[in-house]
Amino acid sequence: MWYLFALDSALCLGFYDVLRKYSLKDNAVLPVLLCSTLSSSIMMLPLMLCSFGGVISPESWLYVPHITFHQHMMLVVKAAIVLTSWIFVYYGLRNLPLSIVSPIRATAPVWTLIGALIIFSERPNSIQWIGLMVAFLFFFLFSLAGKREGISFKHNRWIWCVVIGTLVGSCSALFDKYVVRYEGIDKMAILTYYSFYQFLINIPLLFIIWYPNRSSQPFHWKWTIPFIGVIIIVADFLYYIAINDPDSLISLISPIRRSNSIVAFTMAALIFKEKNMLRKGLCLLGILAGIAIIVWGSSK
């Protein structure tokens, strides 16, 4: 059933992107990120306290176990990686149409596969190579579609923010496989502690980067901001159930999760009324087709 959990996680991620885009419109990035990580921490805190107090049984899926100091340090690293990815993506998402950001984010499985080749010595077969080439071809065509909106993929710094955030996010996916399968860290421990660490790491960044420039980057409270943290916890919870299955394949889970771009792309047309959706949509389908070919090749 791991692929069903991955699919549900993808659905949550699609709405997560929409909430982020709405919350970041004409808003400061780091305060939004701080508030969303705070809501994640608040959501996990009762589960941790109830687990430590014996209210939640160790057999429960919601049980948060104690972990070693070394494992805590692993989660500090994970929190830093994820937060770095989010900061870059948030800045890009604030300044770019969601219909531009979603297809770029959809290429994450390609980078995860390349990372798996290097780190875990995985070897793609001929079908997977075809999938890679298809994904890169349609990504190139997508960059041409972006030029019609005056967005140069080569020279636009916000595009590069999304690309860098996507690459760092792919590193996080590979690190997830390591902490779950090789370090043996429980999924609830990961969700709980790394949420806390993200919030703590974000505090000094807020005062160093945003606070001196708060007059030029004002923060406005929006009701959607706390729900960003809530829905990402749900998405990650489903994700960790999937990758914790010994039969699951990270090379398949990552592409399934990226199908969230279909939800986000659809909402970009319906809610944000973005332009050139047909042309960009065809490119997105081409990228997803390349990823589907990679998935098909992974089953061979």
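The sequence shown begins at 1049 in this note's numbering and counts up by one. The C-beta atom is built at its ideal place from N, Cα and C for all residues, glycine as well.
Buried or exposed by the 16-neighbour rule on C-beta atoms within 10 Å, applied to Thr1085: That one is buried.
Among Leu1300, Thr1272, Trp1134, nearest to Lys1225 - alpha-carbon criterion: Of the candidates Leu1300, Thr1272, Trp1134, the one whose C-alpha sits nearest the C-alpha of Lys1225 is Leu1300.
Tyr1245 beta carbon less than 8 Å from that of Ala1127: The answer is yes: Cβ separation under 8 Å.
Of the residues Tyr1064, Met1049, Tyr1051, the one placed nearest Ala1283, counting alpha carbons only: The shortest C-alpha separation from Ala1283 is found at Tyr1064.
Same chain only: Cβ atoms within 7 Å of Ser1071, ignoring 5 sequence neighbours per side: Only Val1080, Lys1270, Thr1272, Ile1273, Ile1276 meet the Cβ criterion.
For Thr1116, the first and last residue of its enclosing alpha helix (DSSP H): For Thr1116, no alpha helix (DSSP H) segment is defined, and its DSSP state is neither H nor E.
Sequence-distant residues of its chain with Cβ nearer than 6 Å to Ala1290 (five each side left out): Within the same chain, Ala1290 has close Cβ partners Trp1050, Phe1053, Ala1054, Ser1296, Ile1301.
Trp1109 classed as buried or exposed, judged by whether at least 16 other C-beta atoms fall within 10 angstroms: Exposed.
Contacts around Phe1187, its chain only, beta-carbon distance under 7 Å, and the 5 residues preceding and following it disregarded: Answer for Phe1187: Thr1155, Ile1335, listed in chain order.
Same chain, Cβ closer than 7 Å to Leu1305, neighbours up to 5 away in sequence not counted: Looking at the sequence itself, residue 1305 is Arg, so the reference to Leu does not match. Contacts found: Ala1054, Ser1057, Ala1058, Leu1061, Tyr1287.
Span of the alpha helix (DSSP H) around Thr1214: It spans 1205–1225 - the alpha helix (DSSP H) in which Thr1214 sits, taken as one unbroken run.
The region 1090–1103 in contact with the region 1212–1223 per 3-pair CB rule at 8 Å: Contact check between the region 1090–1103 and the region 1212–1223: fewer than three CB pairs, one atom from each, fall below 8 Å, which does not count as touching.
Every unbroken alpha helix (DSSP H) inside the region 1138–1187 [4 residues or more]: With a minimum length of 4 residues, the continuous alpha helix (DSSP H) runs that stay inside the region 1138–1187 are 1146–1154, 1156–1167.
Short Cβ contact (8 Å threshold) for Leu1180 with Gly1329: Judged by beta-carbon spacing, Gly1329 lies beyond the 8 Å limit of Leu1180, meaning their Cβ atoms are not closer than that value.
contact_flag[the region 1195–1210, the region 1117–1133] where n(CB pairs < 8 Å) is 3 or more: Segments in contact, no.
Three-state class that DSSP yields for Asn1261 in the structure shown: If DSSP states are grouped into helix, strand and coil, Asn1261 belongs with the helices.
Contact belief for Arg1068 with Tyr1138 at Cβ below 8 Å, rounded distance in angstroms: Distance from Arg1068 to Tyr1138 at the Cβ level is roughly 7 Å; contact confirmed, criterion being Cβ atoms closer than 8 Å.
Neighbour-count burial assignment, Ser1147, 16 or more Cβ in a 10 Å radius: Label assigned to Ser1147: buried.
Phe1255 burial status per 10 Å Cβ neighbour count (16 or more: buried): So Phe1255 ends up on the exposed side.
Ser1150 burial status per 10 Å Cβ neighbour count (16 or more: buried): The residue in question, Ser1150, is buried, as its Cβ has 16 or more Cβ neighbours within 10 Å.
Coil, strand or helix - Lys1073 by DSSP: Of the three classes helix, strand and coil, the one that applies to Lys1073 here is coil, per DSSP.
Helix, strand or coil at Ile1279 [DSSP, three-state]: In this structure, DSSP gives Ile1279 a helical state, which the three-state scheme calls helix.
Met1325 to Val1227 span [Cα, whole Å]: Per the coordinates, the alpha-carbon of Met1325 lies some 39 Å from the alpha-carbon of Val1227.
Beta-carbon separation (whole angstroms), Trp1237 vs Val1103, contact threshold 8 Å: First, the amino acid is wrong: residue 1237 is Ala here, not Trp. With 8 Å as the limit, Ala1237 and Val1103 do not qualify as a contact, their Cβ atoms being about 17 Å apart.
CB contact flag (Ile1249, Val1066, <8 Å): Contact flag unset, no.
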